[in-house]
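Student:
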Amino acid sequence: MILGTAGHVDHGKTALVRALTGVDTDRLAEEKRRGITIDLGFASLPMGDGSVLGVVDVPGHEAFVRNMLAGATGIDLALLVVAADEGVMPQTREHLAILGILGTRGGVVALTKCDLVDEEWLELVREDVRAAVEGTPLANAAVCDTSVVDGRGLDALREAIGAAAAAIPARAADDLFRLPVDRAFSVRGTGTVVTGTVWSGSLARDAVVRILPGGLTARVRGIESHGSAREAATPGTRAAIALTGVEVGELHRGSVLVSDGAWGVSHSLLAEVALLPDTPAAIGPRTKVRFHLGTIETGARVVAAGGTLAPGDRRQTRIVLDDLVVARAGDRFVLRSASPLSTIGGGMVNDPLPPHRRSRPWPRSATSPGERLSMVLGSSLARGVDAASLPVRTGAASGEIPALLASAAGVQRVGERVYSVQTLRSLAELAMAAVEEHHERFPLEPGAPLQSVRARLGVDTQVAETVLSELRQAGRLELRGAVALRSGWSPVLSAGAEAARERLLEILRSAGAEPPPVPELEQRCGPDTLALLRILEREGRVAQVESDRFYAVPALAALVEMLRSRTLPDRPYTPAELRDLLGLSRKYLIPLLEYWDRVGVTDRRGGERFVAPAPE
Ligand SMILES: Nc1nc2c(ncn2[C@@H]2O[C@H](COP(=O)(O)OP(=O)(O)OP(=O)(O)O)[C@@H](O)[C@H]2O)c(=O)[nH]1
Ligand SMILES: [Mg+2]
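Using the numbering used here, the letters of the sequence shown map in sequence onto residues 3 to 618.
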């Protein structure tokens, strides 16, 4: 669990951390010289129950709020410091607003420098503080009077911190690893080291990590937490991670270490944004703002549904970012104006990986993983969503995904992807429409070629197969070979077509061993000839011997009969011999022999053929 300080410059944050932990977190020469904190400082606070809190000490000076943000963003608990002699000051309020935007879940207020004021004054400051924390995450926080000069209140403060920590649920154990880097440096003999708060998941020694947004990979050479070597970095702890395979120059505050392929980077996010009520100006779609998420800081524009965002507004937006960012559904972020430099609002990520660069803002915010799942599936339509990306797209811990899918209504998994049942239903209707349309246009054909039905759906094969097989199971569709037809459908013959079919059969029957080719039949029986021949073929009344020649089945049978009666089964025959035996010209004989080879009546060996005996 991580405790982060907050409060106005010079109010005694660093002194208090030192009194509690023994660590002077102001380590920079410039910090020592100026007597203020500039960058983040880190310490460990052992608690009475044996646990250890990671402590992040932040600067209070208004010029360094961006550093404060990088530190405050991964914390569980806030330690708001208000100097008793000065009371609530501008950065007390700005930091409180930031804690609210970040959704910090609790904390403690320390009134510092109590040795400098009398009780009467102190009571006024307490009132002041109570009013300031109203409506913030510290509204119900304990308020402790302290002094690092006479040591008063430090034990009570420790206890209050312990009680606040106990009220906060631990982070999920089974989740995707993510660590936003807050420092990168190199250590002689060790190499590149980064530090940060483990936001989620665990990372083991020797694991391979990806460094986003660039996508470089590195191997974890060592892990340190609270000053000692560890086998793994665990969620909600501070960690220093030694990496091999990357130069220190390739990492910086804002880099994000991840260990799973599910994480992605994006130039835009869908998010709910709220502007603080007392922010000086509205922001339009072209207003440049600073965007802070984790330790990432970049320029951004906020495109809100319905136009300009006014102070106090809370709306659904698309955020367009200057740089690629790594985010997860449910992540909180802070928006600041570049000039004047101030915190103007912030919000929560709805979808970190919207399907299109110009995806529309969601109609409403979805705050639970289940609601986000249905929004994400709704906007992905027939593309579906990669199941592996669901922890990132919904914010649910990886360990919770099976239960999420099981409990979500209207969700269906197909292989590695997830679809809304509604999407699959409309695909099914599209498939039926394609089949119906084919029946309508080609009433003499047996059905729609499956290939064309699949192409019409325009989805990957596995989804198309699922849709078609569900239609089949529901008894709406029949699949016959390579065609699909509406169940119970059969070619519909008009009276004219019926007559043409009978005429065709009559012509082929009477032509016997030498039937006319299809083009000639078309001239005599009309343009539907081929379709009618196919119907006769399916009915078993004609057989196709070569591409444009069909035989009446009895005529073909008579030829086979003649072939068998005039040959011996164990002797090979040349085509010339067979021509004479059957009395056929070459033009008819050669295609017939090839046809008989295919159906097993004859067996070709070299240039000669054996005639197979009649089956029993
Ligand atoms: N008398 C008195 N002085 C204190 C107390 N706590 C801090 N100070 C003094 O207040 C000054 C500022 O303390 P810091 O701890 O550096 O303040 P900070 O809040 O960390 O300041 P920034 O990090 O720059 O925002 C120092 O000179 C401290 O010695 C206290 O309890 N009593
Ligand atoms: Mg300080």
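Built from N, CA and C at the ideal position, the CB exists for glycine as well.
1. Name the DSSP beta bridge partners of histidine 294, please?
2. For proline 287, which three-state DSSP category applies?
3. Just reading off the alpha helix (DSSP H) that aspartate 147 is part of, what are its end residues?
4. Quick one: is the Cβ of threonine 289 within less than 8 Å of any heavy atom of ligand 1?
5. Can you tell me where the beta strand (DSSP E) with glycine 2 in it begins and where it stops?
6. Taking the C-alpha atoms as reference points, what is the distance between valine 110 and glycine 380?
7. Please state the DSSP three-state secondary structure of glutamate 88.
8. Buried or exposed: where does leucine 113 fall if 16 or more other Cβ atoms within 10 Å of its Cβ makes it buried?
9. According to DSSP, glutamate 610 sits in a beta bridge with which residue or residues?
10. On the three-state DSSP scale, how would you describe proline 451?
11. Once you ignore the five residues that flank aspartate 157 on each side, which residues in its own chain have a CB closer than 8 Å to its CB?
12. Decide if the segment 174–186 is in contact with the segment 285–298; the criterion is three or more beta carbon pairs, one per stretch, under 8 Å apart.
13. Which partner residues does aspartate 388 have in the DSSP bridge list?
14. Give the straight-line distance between the Cα atoms of valine 84 and valine 200, rounded to the nearest whole angstrom.
15. Quick check on this structure: which residue in Val54, Ala86 and His97 has the alpha carbon closest to the alpha carbon of threonine 7?
16. Any chance the CB of valine 83 is under 8 Å from a heavy atom of ligand 1?
17. Could you tell me the distance, in whole angstroms, from the CA atom of isoleucine 103 to the CA atom of aspartate 12?
18. Quick one: give me the first and last residue of the beta strand (DSSP E) that leucine 55 is part of.
19. CB-CB under 6 Å to aspartate 41, same chain, minus the five flanking residues each way: which ones, in chain order?
20. Along the chain, where does the alpha helix (DSSP H) containing alanine 593 start, and where does it finish?
21. Go through its chain and collect everything with a Cβ distance to alanine 235's Cβ below 6 Å, but skip five positions before and after it.
22. Am I right that aspartate 26 and arginine 20 are in contact with their C-beta atoms under 8 Å? What's the rounded C-beta distance?
23. Have a look at serine 567 and glutamate 439 and give me their C-alpha separation to the nearest angstrom.
24. So is alanine 65 buried or exposed if we call it buried at 16+ other beta carbons inside 10 Å?
25. Leaving aside the five residues before and after valine 423 along the sequence, list all residues of the same chain whose C-beta is less than 6 Å from its C-beta, in chain order.
26. Three or more C-beta pairs under 8 Å: does that hold for the segment 540–557 against the segment 497–516?
27. Please report how far the alpha carbon of tryptophan 123 lies from the alpha carbon of glycine 137, in whole angstroms.
28. Residues in its own chain within less than 8 Å of leucine 474 by CB, not counting five upstream and five downstream?
29. Report the residue from Ala167, Ser268, Ala165 and Arg173 whose alpha carbon sits nearest the alpha carbon of aspartate 214.
30. Determine, for alanine 174, whether the minimum Cβ-Cβ distance to residues of chain D falls below 9 Å.
31. Please indicate yes or no: does the CB of lysine 115 lie closer than 8 Å to some heavy atom of ligand 2?
32. Quick check on DSSP: helix, strand or coil for methionine 564?
33. Starting from threonine 23, trace the alpha helix (DSSP H) in both directions and tell me its first and last residue.
34. Let me know the secondary structure DSSP gives leucine 570 once reduced to three states.
35. With distances taken from each beta carbon to the nearest heavy atom of ligand 2, which residues come in below 5 Å, in chain order?
36. Report the residue from Gly24, Val603 and Ser53 whose alpha carbon sits nearest the alpha carbon of glycine 43.
Tutor: Looking at the atomic coordinates:
1. Glu299 and Val336
2. coil
3. Looking at the DSSP string, aspartate 147 is not in any alpha helix (DSSP H); the run it does join, the beta strand (DSSP E), is 144–147.
4. no
5. Look at the range of the chain in this structure, 3 to 618, and you will see that residue 2 is not part of it.
6. 42 Å
7. In this structure, glutamate 88 counts as coil in the three-state DSSP scheme.
8. When all chains shown are included, leucine 113 counts as buried.
9. Arg607
10. strand
11. none
12. yes
13. Arg419
14. 28 Å
15. His97
16. Valine 83 Cβ: within cutoff of ligand 1.
17. Between isoleucine 103 and aspartate 12, the alpha-carbon positions lie close to 24 Å from each other.
18. 54–59
19. Asn69
20. At residue 593 the sequence reads proline, which differs from the alanine that was named. Element bounds for proline 593: 588–601.
21. Val200, Leu205, Ile225 and Ala241
22. 5 Å
23. So the two alpha carbons sit approximately 50 Å from each other.
24. exposed
25. Gly412 and Gln414
26. Judged by Cβ distances under 8 Å, the segment 540–557 makes contact with the segment 497–516, as three or more pairs qualify.
27. One alpha carbon belongs to tryptophan 123, the other to glycine 137, and they sit about 24 Å apart.
28. Position check: residue 474 holds arginine in this sequence, whereas leucine was assumed. Cβ neighbours of arginine 474 beyond the five flanking positions: Glu480 and Leu481.
29. As written in the sequence, residue 214 is leucine, which differs from the aspartate given in the question. Of Ala167, Ser268, Ala165 and Arg173, the residue nearest in Cα terms is Ser268.
30. Of the chains in the structure shown, none is chain D; there is only one protein chain.
31. no
32. helix
33. 15–23
34. coil
35. Lys15, Thr16 and Thr39
36. Between glycine 43 and the set Gly24, Val603 and Ser53, the nearest pair of CA atoms involves Gly24.
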